[in-house]
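Here is the structure we will look at.
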Amino acid sequence: MNRTMLCMLPLLLGPAVSSIAGAAGPTDADLLATKGRGDWLNYGRTYDNQRFSPLTQIKPSNVKNLRPVWAAGLNSLDGLEATPIIHDGVLYVTGSHAHVFAFDAANGRRLWSWAPEEPEGLGTVLCCGPVNRGVAIYGDHVFVETLDAKLVALNKDTGAVAWEKVIADWQTGYSATGAPLVAKGKVIVGVAGGEYGVRGFIKAYDAVTGDEKWTSYTIPGAGEPGNDSWPGDTWKTGGGATWQTGAFDPALNLLYWGTSNPGPWTSDGRKGDNLWTASLLAIDADTGVIKWGYQYTPNDAWDYDGNNAPILADIKLDGKPVKAALQSNRNGFFYVLDRTNGRFLYATPTVDGINWTSGLDPVTGRPKVNEDKRPLSDGKTVMPIVPGLEGGTNWFPMAYNPDTRVAFVPTNTWAMSLKGYLPEDIQYEAGKVYMGVDYKMYRTGETVGRLRAFDVEKKKWLWEIPSPLPLFAGVLATKSGLVFTGDQLGFLYAADAKTGEVLWRFQTGSGLNASPVTYAIGGKQYVAILSGLGGDPSFYYSAPKGNTLWVFALEGLSTGKADAGEWKPDAIPEMLDPLPTR
Ligand code: CA
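The sequence shown begins at 75 in our numbering and counts up by one.
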């Protein structure tokens with residue numbers, strides 16, 4: 075270790091004693107300069123979404139000594155899918171139903187919690203359970219999106235509501251399940267509802283006042299370029315939801331946001347490409363203007379949502395530097411695009427047996443569709459279709475190591491059947507399911523899930539870790555050469571990033587469909603993940619439900635005070651009333 079490295083340590087490992095709430099919240103500069111820090115300030119840690127931590131205390135040679143140091147229940151038997159945010163010694167996380175919790179990140183003391191009031195009947199607009207993928211933090215506020223499509227700003231120290239805004243009318247089928255993204259003082263949110271005939275959009279709010287700054291519809295309106303990719307009025311109920319968190323490139327001033335399937339799922343009533351559904355959009359962060367779009371699956375008929383955000387990576391292809399956007403899609407392909415202009419560079423299959431297309435055009439990436447695998451509104455069942463609609467890779471975020479240019483990609487190899495309804499049974503009604511299709515997923519072999527490592531410059535798959543069940547957890551990569559993820563059997567595991575050898579496992583008690591993070595406080599590195607089967611993953615596996623936030627650190631490391639677990643009542647208003655004196 076040289077002198078420079080020694081000087082970097084305090085920054086990487088955080089303050090010696092956490093101030094626990096009350097200090098200033100992160101600024102634009104903090105959110106931009108997260109690369110060298112020991113905290114976790116954005117959904118994907120950094121704006122480029124790499125989920126790569128510079129922390130090196132936990133490494134391949136000692137990860138076997140990782141032990142739980144605290145855990146917490148989150149008041150839920152639903153699926154947990156959130157990524158915790160860690161700032162200034164506080165861990166902010168959501169359970170289900172947009173329930174927000176703040177904990178002392180070193181010892182698990184609960185600082186506050188907040189749950190929204192939900193309107194009756196809300197369950198009818200939730201395709202995939204009452205899930206939530208986490209908060210964002212900026213200045214004095216943490217931000218959460220609610221299932222009834224509101225954006226709520228909470229005081230980061232107390233959980234008190236500072237302001238709330240209606241993003242969309244939930245009764246018309248909109249919902250919100252993603253973690254917001256804060257960029258340049260704006261909170262940027264998307265909406266769910268691709269199965270309900272919504273018209274998707276992305277919206278930006280002033281992070282301090284909550285004033286609306288811009289709205290960018292994913293489907294062009296009448297007279298706008300691309301509207302002619304929809305027959306008649308079909309664009310009005312065409313889907314293109316934006317239910318995941320995007321990425322941001324501050325140098326290009328572009329937000330990158332994925333869009334969902336078109337509605338309804340049957341495609342013969344909306345012939346055309348249906349821009350910009352199942353696409354990646356690059357959006358001017360100041361104005362909301364769409365600078366370019368790239369459509370992964372034109373005229374999608376298979377629910378191949380393109381929502382999971384790309385990882386932004388600067389790589390070399392054929393010796394030339396490229397500002398790339400990497401995305402592993404539900405349609406079974408891993409895409410590498412030029413993020414300055416949306417140009418297709420290459421794609422490679424992530425799963426075997428893809429049969430909805432015979433392949434992608436090598437120049438444009440446009441798929442050549444096998445039309446016998448397209449369900450129609452004729453009451454007939456089409457099967458098997460590979461991959462099934464969950465992908466490929468669904469929402470769970472992959473990770474990327476910029477030192478080695480290797481992406482760590484959770485993939486699932488399986489098939490589905492799709493049975494299209496008759497046209498008279500596919501009628502749009504606001505707030506009702508608008509799919510027009512029945513589906514069923516099937517396994518095609520002993521192994522469904524595979525965590526796969528992919529060298530994006532050499533275009534080469536390096537190793538894989540199989541799982542009998544589909545994978546639904548996100549991935550974390552560290553500079554020390556570890557990869558963390560989890561499976562539906564309940565195991566959180568750490569693998570050697572070079573070889574894929576699993577070096578450590580821990581049974582968390584329920585299925586994992588959230589994403590691991592790592593952070594440091596007082597010279598100690600932690601790893602955290604939510605365990606709790608539910609939502610989509612529970613459609614395919616019936617592991618015990620239940621939920622826990624687990625936090626781990628190396629055995630034998632102590633920071634004194636934080637470990638002492640000094641007991642303080644953390645919720646006085648919820649305790650017994652004191653005995654009246656008279
Ligand atoms: Ca969908």
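Virtual Cβ for every residue (Gly too), placed ideally from N, Cα, C.
Computed from a predicted model, the values in this text were never measured in an experiment.
Which value, in whole angstroms, describes the spacing of the CA atoms of Gln562 and Asn587? Here the alpha carbon of Gln562 sits roughly 7 Å from the alpha carbon of Asn587.
Less than 8 Å between the CB atoms is what I'm expecting for Met457 and Trp339, so what's the real figure, rounded? A Cβ-Cβ distance of about 15 Å is found for the pair Met457 and Trp339, leaving them out of contact under the 8 Å criterion.
Thr198: buried (16+ other C-beta within 10 angstroms of its C-beta) or exposed? Thr198 should be labelled exposed.
With DSSP collapsed to three states, give me the class of Thr198. Thr198 falls in the helix class under three-state DSSP.
Between the C-alpha atoms of Leu411 and Asn181, what's the straight-line distance to the nearest angstrom? Going by C-alpha positions, Leu411 is about 42 Å away from Asn181.
Would you say the beta carbon of Ala315 is closer than 8 Å to some non-hydrogen atom of ligand 1? Yes - ligand 1 has a heavy atom lying nearer than 8 Å to the Cβ of Ala315.
Helix, strand or coil: which one does DSSP assign to Val164? DSSP places Val164 in the strand class (E or B) of the three-state scheme.
Assuming the contact rule is C-beta atoms closer than 8 Å, Arg524 and Thr485 should be a hit. Round their C-beta distance to whole Å, please. Rounded, the Cβ-Cβ distance is 5 Å, consistent with contact.
With a cut-off of 8 Å on the beta carbons, I'd call Ala383 and Gly118 a contact; round off their distance for me. Indeed they touch by this definition, with Cβ atoms about 7 Å apart.
Bounding residues of the alpha helix (DSSP H) (the contiguous stretch that carries Ala103): Counting along the chain, the alpha helix (DSSP H) containing Ala103 begins and ends at Asp102 to Leu106.
Between which residues of its own chain and Ala359 is the CB-CB distance below 6 Å, once the five residues before and five after are set aside? Correct list, in chain order: Ala257, Lys258, Asn327 and Leu329.
The beta strand (DSSP E) with Phe626 in it runs from where to where? Looking at the DSSP string, the run of the beta strand (DSSP E) that includes Phe626 is Thr622 to Leu628.
Beta-carbon separation (whole angstroms), Leu221 vs Ala250, contact threshold 8 Å: Between Ala250 and Leu221 the Cβ distance is about 7 Å, and since that is below 8 Å, they are a contact.
Would Asn415 be called buried (16 or more neighbouring beta carbons within 10 Å of its own) or exposed? Answer is exposed; the Cβ neighbour count stays below 16.
I need the DSSP call for Pro611, collapsed to helix, strand or coil. Under the three-state reduction of DSSP output, Pro611 falls in the helix class.
Nearest-angstrom Cα separation, counted from Ile595 out to Gly88: Any reading at Gly88 must be qualified, since the residue scores a pLDDT of 44, below 50, and its modelled position is unreliable; no value is offered.
Per the DSSP calculation, Leu525 is bridged to which residue(s)? Within the DSSP secondary-structure output, Leu525 pairs in a beta bridge with Pro484 and Ile539.
Between the C-alpha atoms of Lys534 and Asp435, what's the straight-line distance to the nearest angstrom? The straight-line gap from Cα to Cα measures roughly 19 Å.
State yes or no: is the C-beta of Glu286 within less than 9 Å of the C-beta of Asn206? The answer is no: Cβ separation not under 9 Å.
Inter-residue Cα distance where the pair is Ser92 and Gly163: Note that Ser92 scores 42 on pLDDT, short of 50, meaning its location in the model is unreliable and no value can be drawn from it.
Taking 5 Å as the limit, tell me which residues put their C-beta closer than that to any heavy atom of ligand 1, in chain order. Ordered along the chain, residues surrounding ligand 1 are Gly268, Ser334, Asn335, Asp377 and Asp379 [Cβ under 5 Å from any heavy atom].
Can you pull the DSSP bridge partners for Ser422? The residue asked about is misnamed: residue 422 is Thr in this sequence, not Ser. For Thr422, which the question treats as bridged, DSSP gives the partners Phe408.
Just reading off the beta strand (DSSP E) that Asn395 is part of, what are its end residues? Checking the sequence shown, residue 395 turns out to be Pro, not Asn. Under the DSSP assignment, Pro395 falls in the beta strand (DSSP E) whose first and last residues are Lys394 to Ser402.
For the region 336-371, which segments carrying the beta strand (DSSP E) assignment without a break, of at least 3 residues, lie completely within its bounds, in sequence order? Scanning the region 336-371 from its first residue to its last, the whole beta strand (DSSP E) runs of 3-plus residues come out as 353-358 and 364-369.
For Ala398, count neighbouring C-beta atoms within 10 Å of its own C-beta (all shown protein chains included) and say buried if the count is 16 or more, exposed if not. Answer is buried; the Cβ neighbour count reaches 16.
Indicate whether Gly557 and Leu566 have their beta-carbon atoms separated by less than 9 Å. With the sequence shown as reference, residue 557 is identified as Val, and Gly is not the correct amino acid for it. Contact: no.
With 16 other Cβ atoms within 10 Å as the buried cut-off, status of Pro598: In the sequence as presented, Pro is not what sits at residue 598; that position holds Lys. Counting of Cβ neighbours within 10 angstroms places Lys598 among the buried residues, the total reaching 16 or more.
I'd like to check one pair, Thr559 with Phe482: are the Cβ atoms closer than 9 Å? Yes.
Thinking C-beta only, is Asp377 closer than 9 Å to Leu463? Asp377 sits close to Leu463, with the two beta carbons spaced by under 9 Å.
What does the alpha-carbon distance come out to for the pair Thr655 and Leu185? Taking the straight line joining both Cα atoms gives about 30 Å.
Take Ser187 and list the residues in its own chain whose beta-carbon comes closer than 6 Å to its own, dropping the five residues that flank it on each side. Only Phe175 meet the Cβ criterion.
Three-pair Cβ contact test at 8 Å for the region 122-139 versus the region 540-555: Cβ pair count under 8 Å is three or more, so yes.
With DSSP collapsed to three states, give me the class of Ser554. In this structure, Ser554 counts as coil in the three-state DSSP scheme.
On the CB-based measure, 16 or more other CB atoms within 10 Å of its CB, does Val460 come out buried or exposed? A buried status is given to Val460, since no fewer than 16 other beta-carbon atoms sit within 10 Å of its beta-carbon.
Where Asn444 falls: helix, strand or coil (DSSP): Three-state DSSP puts Asn444 in coil, outside helix and strand.
Buried or exposed: where does Ser612 fall if 16 or more other Cβ atoms within 10 Å of its Cβ makes it buried? Label assigned to Ser612: buried.
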